[in-house]
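Numbering of the sequence shown is given in the working numbering, commencing with residue 160 and proceeding in unit increments. Glycine included, every Cβ here is placed at the ideal spot set by N, Cα and C. This report concerns only the one structure given below.
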Amino acid sequence: MFENHPGGPRTSDPRLLADCLRTCAECAQVCNACADACLSEAMVGDLLSCIRTDLDCADICAAAAAVLSRTAASGPATASLLHACIAACAACAEECQQHASMHQHCRICAEACQRCINACEKLLTSLG
Numbered sequence: 160m161f162e163n164h165p166g167g168p169r170t171s172d173p174r175l176l177a178d179c180l181r182t183c184a185e186c187a188q189v190c191n192a193c194a195d196a197c198l199s200e201a202m203v204g205d206l207l208s209c210i211r212t213d214l215d216c217a218d219i220c221a222a223a224a225a226v227l228s229r230t231a232a233s234g235p236a237t238a239s240l241l242h243a244c245i246a247a248c249a250a251c252a253e254e255c256q257q258h259a260s261m262h263q264h265c266r267i268c269a270e271a272c273q274r275c276i277n278a279c280e281k282l283l284t285s286l287g
């Protein structure tokens, strides 16, 4: 889509931007699904922190994906949002990793968060 936009992408590597957008959107979906799965677990009370962290991460990743879908998304607000996304994903990955051996949805979520961290860091580096 970026290549077909009249303004074009405002980054030296549109693939990094597209990858980050896709990874943020995927992470948002996975975090929402993990929170929903946690709500279905028998010991849901033990997963309250995980659910909250999942939902926070999902909202921040969704916001990052929305902003990144705009071609002018390369200013200081975008960088701040990418940093927030990295922080939210790190917290979520850490929380989910604590439950990963018991709950596959937490393992999958932690992995998605790590991929999102990597994509956001690569894009931040390319934006300077």
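So, residue i versus residue j, is the Cβ gap smaller than 8 Å?
i           : j           : result
residue 209 : residue 190 : no
residue 264 : residue 184 : no
residue 187 : residue 247 : no
residue 279 : residue 245 : yes
residue 240 : residue 226 : yes
residue 283 : residue 238 : yes
To the nearest angstrom, report how far apart residue i and residue j are at their CA atoms.
i           : j           : result
residue 197 : residue 177 : 30 Å
residue 242 : residue 201 : 35 Å
residue 216 : residue 175 : 21 Å
residue 259 : residue 270 : 10 Å
residue 272 : residue 195 : 16 Å
residue 199 : residue 172 : 41 Å
Please work out which residues of its chain come closer than 7 Å, Cβ to Cβ, to residue i, disregarding the five sequence neighbours upstream and downstream, and give them in chain order.
i           : result
residue 228 : 180
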